[in-house]
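Chain order of the listed sequences is A and B.
When we follow our numbering, the leftmost residue of the first sequence carries the number 3, and every step to the right adds one.
When we follow our numbering, the leftmost residue of the second sequence carries the number 3, and every step to the right adds one.
Yeah, the Cβ is synthetic: ideal placement off N, Cα and C, and Gly gets one too.
There are 2 protein chains.
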Amino acid sequence: MKKNHRYCVIMCGGIGSRFWPYSRTSKPKQFIDFMGTGRSLLQMSYDRVMPLVPKENILVLTNAMYVDLVQQQLPDLAPEQILAEPARRNTAPCIAWAAWRIGAMDPEASMIVTPSDHLISGEALFADNVRRGFDFVEGNDALLTLGISPTRPETGYGYIQIGEEVEPGLNKVKTFTEKPDLELAKVFVQSGEFFWNAGIFMWTVASIKKAFRTYVPDIADKFDSGYDVLGTPAEREFIDREFPACPSISIDYAVMEKASNVYVETVSFGWNDLGTWSALYDNSPRNNDGNVTQQCTVLAYNSHGNIFAVRDEKLVVVDGLEDYIVADAGDVLLICPKSREQSIKQMVNDAKNHFGDKYL
Amino acid sequence: MKKNHRYCVIMCGGIGSRFWPYSRTSKPKQFIDFMGTGRSLLQMSYDRVMPLVPKENILVLTNAMYVDLVQQQLPDLAPEQILAEPARRNTAPCIAWAAWRIGAMDPEASMIVTPSDHLISGEALFADNVRRGFDFVEGNDALLTLGISPTRPETGYGYIQIGEEVEPGLNKVKTFTEKPDLELAKVFVQSGEFFWNAGIFMWTVASIKKAFRTYVPDIADKFDSGYDVLGTPAEREFIDREFPACPSISIDYAVMEKASNVYVETVSFGWNDLGTWSALYDNSPRNNDGNVTQQCTVLAYNSHGNIFAVRDEKLVVVDGLEDYIVADAGDVLLICPKSREQSIKQMVNDAKNHFGDKYL
């Protein structure tokens, strides 16, 4: 049987602080069953790529502290499929590790890199798009990103402006943009030239290694020096020594915004980064009273537009609350208007300043 | 040494549903350390009467399900000092049991009957008032109640109207009143004739037994028939058989409102029945931001006038909440405006209708 050279790398190391305290350092966003389906966001990400690559070709990149959680939620993974980062160094170093590791085993490999904490609907469309992306990067020296057709003038996302079309639905990238304000976002959407940047990348190992060598040579050198140990029992010691010495830098900044062979496949499956409580509210089924409940039972009186994310099947009885976030996990309870969710980051900082790491 | 014939009966069988879910059936109001002093309301009640009667003369009347909690909180009590009611039958039957039991051991006894879930300040004044009350009932065939000098036109309490003065500060009772509306409460307070009914009673065993025999003869007959077993190991079986057959009736309705020898000692120690969340709020020290916290730590932003009663030293982070009750105990969380606290009873009923006894 022909060897399958397609791989999937699921990035799973985030701490999800925007959903604090429902998402805690000890069990961040990607490990939570936000949709009430019985599967966490990570498990849904895994399920989504299962039809696309052989299951032994799936790697999960995560922080060392989450290895147990990953093993628990994805029991089919062999230990060597979980790459445990000894330190948090943003996306470029961990993607490099994955690329060099895969390359050491299979120099002909192509790969998709995907976050584990986003919501995607339209699995069949997703699968078709990814297969087409694999075909494209396997035939071209291309760094491919997926651009989602925007359905609203979202100010919380970065956008990709498309350039020259190389095939229908496949374009050169003209620019990556920062998050726009509302006026600009409206212009973006109307233009038909701007797509949401979902942070999903595809390339061959050869192409991404070449890009690292060109734009981030110190990272490339570091992993080149580990060629003999990658995929062997000695890899752990190598990574524990070298990984923390990598610069903390995103793949977007390190590579994608610099390289000239960057392409975008414009896709139209449903996508949401679930980056905010409001996004979660908007993407969750509502009760008759317009409230969203996560893992709890709610008796609501004169209360609408709230999201109750309360662990452990607790009963929440609420009167006279409109458009609030009520989040509870163990020893922390948060009550905050949805309109003030941007301040949660500050609250987490305040909690840290007052109490250290106890409540993170 | 002369035998001390003074006794104290602490009533401790309530379920405190108005503070649900902070007060739960499994640990009601009187067992909670509301004041953050390290002593529950029951323990504070016990401490208050300790100087007034020998400690072996203190009896605690409680529901059978709370015997363990009472023993835990008052470890000095001997088992025979805890009278465990096999059923809830309001105050008259349990007071009768206590009177007949005490009388069987000590026919010359006098006694004070006091709730365990009220707040009293001014312990020295309380002690003076109670000693004077003992002196009065020991010299007169009197059913004495304590009337608190009202400090505001409270609509949540019953009032006692005083009649003829028999000694300074000791009057015949003219009438017991229902809870007045605000206008009437103002008139009451201005008149100087109306005092809060604290539900604290004093009498000799002889006087109260006589009153029961006159006004509730079936209860008197029942306990008369147990004369030989009260205070013996056979009492348990007698009570388990006879007590549930008693009518469920309050001492006020059964005796105090009917008898002609009812007196009131007007007192001025601080008293609050802690019958509502607002009463608890008003009687608790406030943080700088005007919030009251019970057993929890609060980081408050743009939030004032709230009461946070959250068990287990939880961290509560709150933004944009004014004048709410936030109560959490284990598997129930309640969020409700203070102004709507009257509806909590309905919420408890709804919870019961939906989920049975699980969350009570």
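**Asked** In chain B, what lies closer than 7 Å to residue 316 (chain A) by C-beta?
**Response** Reading the first sequence from its first residue, position 314 is the one you call residue 316 (chain A). The answer, in chain order, is 333, 334, 335.
**Message:** For chain B, check one thing: does any of its Cβ atoms lie closer than 7 Å to the Cβ of residue 56 (chain A)?
**Reply:** Mapped onto the first sequence, residue 56 (chain A) falls at position 54. No, because no Cβ of chain B sits closer than 7 Å to the Cβ of residue 56 (chain A).
**Message:** Looking at residue 131 (chain B): is its Cβ nearer than 7 Å to the Cβ of residue 269 (chain B)?
**Reply:** As a working note, residue 131 (chain B) is residue 129 in the second sequence. As a working note, residue 269 (chain B) is residue 267 in the second sequence. Taking the C-beta atoms as reference points, residue 269 (chain B) is found nearer than 7 Å to residue 131 (chain B).
**Prompt:** Since residue 311 (chain B) meets chain A, which of its residues come closer than 7 Å, beta carbon to beta carbon?
**Reply:** Mapped onto the second sequence, residue 311 (chain B) falls at position 309. Those do not exist, as residue 311 (chain B) stays about 12 Å from chain A at its closest Cβ, beyond 7 Å.
**Prompt:** In terms of residues, what are the limits of the beta strand (DSSP E) holding residue 84 (chain B)?
**Reply:** The sequence position of residue 84 (chain B) within the second sequence is 82, counting from 1. Per DSSP, residue 84 (chain B) is one residue of the beta strand (DSSP E) stretching across 84-87.
**residue 278 (chain B) in three-state terms, based on DSSP** = As a first step, residue 278 (chain B) must be located in the second sequence, where it is residue number 276. In the three-state reduction of the DSSP assignment, residue 278 (chain B) falls in the coil class, being assigned neither a helical nor a strand state.
**Message:** I'd like the ranges of any beta strand (DSSP E) spanning at least 3 consecutive residues and lying wholly in the segment 109-196 of chain B.
**Reply:** Runs of beta strand (DSSP E) with 3 or more residues, each lying fully within the segment 109-196 of chain B, are found at 112-117, 121-123, 145-150, 161-169, 172-179, listed in chain order.
**Message:** Can you check whether the C-beta of residue 117 (chain B) is within less than 7 Å of a C-beta belonging to chain A?
**Reply:** The residue given as residue 117 (chain B) occupies position 115 in the second sequence. Answer no: the Cβ-Cβ gap between residue 117 (chain B) and chain A never drops below 7 Å.
**Prompt:** Considering only the beta carbon of each residue, do residue 118 (chain A) and residue 47 (chain A) sit closer than 7 Å?
**Reply:** Within the first sequence, numbered from 1, the residue matching residue 118 (chain A) stands at position 116. Within the first sequence, numbered from 1, the residue matching residue 47 (chain A) stands at position 45. Less than 7 Å divides the Cβ of residue 118 (chain A) from the Cβ of residue 47 (chain A).
**Request:** Identify whether residue 259 (chain A) lies in helix, strand or coil by the three-state DSSP scheme.
**Result:** Here residue 259 (chain A) is taken as the residue at index 257 of the first sequence, counted from 1. Coil.
**Message:** Please tell me whether residue 155 (chain B) and residue 181 (chain B) are closer than 7 Å, where the distance is taken between their beta carbons.
**Reply:** Walking along the second sequence from the start, residue 155 (chain B) turns up at place 153. Walking along the second sequence from the start, residue 181 (chain B) turns up at place 179. Contact: no.
**Request:** Quick one: list the residues of chain A neighbouring residue 342 (chain B), beta-carbon separation under 9 Å, in chain order.
**Result:** By 1-based counting over the second sequence, the position of residue 342 (chain B) is 340. By Cβ distance, chain A contributes 303, 304, 321, 322.
**Asked** So which residues of chain B does residue 294 (chain A) contact, with C-beta pairs closer than 8 Å?
**Response** Counted from its first residue, the first sequence places residue 294 (chain A) at position 292. Contact of residue 294 (chain A) with chain B by beta-carbon distance below 8 Å is absent, the smallest such distance being about 15 Å.
**Message:** Strictly below 9 Å CB to CB, what residues from chain C border residue 10 (chain B)?
**Reply:** Judged by its chain identifiers, the structure shown contains no chain C, and its protein chains are A and B.
**Prompt:** Are there three or more Cβ pairs, one per stretch, closer than 8 Å when the segment 140-157 of chain B is compared with the segment 68-86 of chain B?
**Reply:** Too few Cβ pairs lie closer than 8 Å, so no.
**Prompt:** Can you check whether the CB of residue 305 (chain B) is closer than 7 Å to the CB of residue 282 (chain B)?
**Reply:** For the purposes of this step, residue 282 (chain B) is identified with residue 280 of the second sequence, where counting begins at 1. For the purposes of this step, residue 305 (chain B) is identified with residue 303 of the second sequence, where counting begins at 1. With contacts defined by Cβ atoms closer than 7 Å, residue 282 (chain B) and residue 305 (chain B) do not form a contacting pair.
**Asked** Under a Cβ-count criterion, where at least 16 other Cβ atoms within 10 Å of its own Cβ denotes burial, should residue 274 (chain A) be classed as buried or exposed?
**Response** Counting from one through the first sequence, the residue named residue 274 (chain A) turns up at place 272. By the 10 Å Cβ count, residue 274 (chain A) comes out buried.
**Asked** Since residue 91 (chain B) sits in a beta bridge, which residues does DSSP pair it with?
**Response** Translated into the one-based positions of the second sequence, residue 91 (chain B) becomes position 89. According to DSSP, which records beta bridges pairwise, residue 91 (chain B) is partnered with nothing at all.
**Request:** Evaluate residue 107 (chain A) with the Cβ neighbour count: other Cβ atoms within 10 Å of its Cβ, from every protein chain shown; 16 or more gives buried, anything less gives exposed.
**Result:** One-based indexing of the first sequence puts residue 107 (chain A) at position 105. With fewer than 16 other Cβ atoms within 10 Å, it is exposed.
**8 Å contact criterion, which residue 178 (chain B) and residue 98 (chain B) should meet: CB distance rounded** = Counted from its first residue, the second sequence places residue 178 (chain B) at position 176. Counted from its first residue, the second sequence places residue 98 (chain B) at position 96. No, residue 178 (chain B) and residue 98 (chain B) are not in contact; Cβ-Cβ is about 19 Å, not under 8 Å.
**Message:** If you follow the alpha helix (DSSP H) that residue 357 (chain B) is in, where does it begin and where does it stop?
**Reply:** In the second sequence, counting from the first residue as 1, residue 357 (chain B) sits at position 355. That run of the alpha helix (DSSP H) goes 346-357.
**Message:** Here's the rule: buried if 16 or more other CB atoms are within 10 angstroms of the residue's CB, otherwise exposed. What is residue 44 (chain A)?
**Reply:** One-based indexing of the first sequence puts residue 44 (chain A) at position 42. Here residue 44 (chain A) is buried. Its C-beta has 16 or more other C-beta atoms within 10 Å.
**Asked** Which residues mark the beginning and the end of the alpha helix (DSSP H) in which residue 69 (chain B) is found?
**Response** In the second sequence, the residue the question calls residue 69 (chain B) occupies position 67. Segment 69-75, the alpha helix (DSSP H) holding residue 69 (chain B).
**Prompt:** Taking C-beta to C-beta, are residue 30 (chain A) and residue 242 (chain A) nearer than 7 Å?
**Reply:** Here residue 30 (chain A) refers to the residue found at position 28 when the first sequence is read from its first residue. Here residue 242 (chain A) refers to the residue found at position 240 when the first sequence is read from its first residue. No; because the gap between Cβ atoms is not below 7 Å, this pair is not in contact.
**Message:** I want to verify the contact list: residues of chain B whose CB lies under 7 Å from the CB of residue 123 (chain A), in sequence order.
**Reply:** Numbered from 1 along the first sequence, position 121 holds the residue referred to as residue 123 (chain A). Residues of chain B passing the Cβ test: none, with the nearest at roughly 31 Å.
**Request:** Would you mind sorting residue 183 (chain B) into buried or exposed? The rule is 16 or more other CB atoms within 10 Å of its CB.
**Result:** For this step, residue 183 (chain B) is matched to residue 181 along the second sequence. So residue 183 (chain B) ends up on the exposed side.
**Prompt:** For residue 271 (chain A), which of helix, strand or coil comes out of DSSP?
**Reply:** Along the first sequence, read from residue 1 onward, the residue named residue 271 (chain A) stands at position 269. Coil, per DSSP.
**chain A contact residues for residue 339 (chain B), given Cβ-Cβ distances below 8 Å** = In the second sequence, residue 339 (chain B) corresponds to position 337, counting from 1. Listed along chain A, the residues sitting closer than 8 Å to residue 339 (chain B) by beta-carbon distance are 321, 322.
**Item:** CA nearest to the CA of residue 164 (chain A), picked from A:249, A:267, A:207, A:62
**Value:** Indexing the first sequence from 1 puts residue 164 (chain A) at position 162. The shortest CA-to-CA distance from residue 164 (chain A) to any of A:249, A:267, A:207, A:62 is the one to A:267.
**Message:** So, at 6 Å on beta carbons, what are the nonlocal neighbours of residue 2 (chain A) in its own chain, with the 5 sequence-adjacent residues on each side left out?
**Reply:** Absent from the model: residue 2 (chain A). The displayed extent of chain A is 3 to 362, so no value can be given.
**Request:** Would you mind working out which of A:227, A:174, A:129 sits nearest residue 195 (chain A), comparing C-alpha positions?
**Result:** The sequence position of residue 195 (chain A) within the first sequence is 193, counting from 1. Nearest C-alpha to residue 195 (chain A) among A:227, A:174, A:129: A:174.
**residue 149 (chain A) versus residue 197 (chain A) - alpha carbon distance** = Sequence index remark: in the first sequence, residue 149 (chain A) carries index 147 (1-based). Sequence index remark: in the first sequence, residue 197 (chain A) carries index 195 (1-based). For residue 149 (chain A) and residue 197 (chain A), the gap between their C-alpha atoms comes out near 5 Å.
**Request:** May I have the straight-line CA-CA distance separating residue 158 (chain B) from residue 333 (chain B), to the nearest angstrom?
**Result:** Taking the second sequence and counting its residues from 1, one reaches residue 158 (chain B) at position 156. Taking the second sequence and counting its residues from 1, one reaches residue 333 (chain B) at position 331. Distance between the alpha carbons of residue 158 (chain B) and residue 333 (chain B): 30 Å.
**Request:** Taking residue 321 (chain A) and residue 345 (chain B) to be in contact with their CB atoms under 8 Å, please state how far apart those CB atoms are, rounded to whole angstroms.
**Result:** Locating residue 321 (chain A) in the first sequence gives position 319, counting from the first residue. Locating residue 345 (chain B) in the second sequence gives position 343, counting from the first residue. 7 Å between Cβ atoms; contact.
**Prompt:** Taking contact to mean at least 3 C-beta pairs separated by less than 8 Å, is the segment 5-22 of chain B in contact with the segment 46-63 of chain B?
**Reply:** Yes: at least three Cβ pairs fall under 8 Å.
**Prompt:** How big is the Cα-Cα spacing for residue 219 (chain A) and residue 271 (chain A)?
**Reply:** In the first sequence, the residue the question calls residue 219 (chain A) occupies position 217. In the first sequence, the residue the question calls residue 271 (chain A) occupies position 269. Taking the straight line from one Cα to the other gives about 35 Å.
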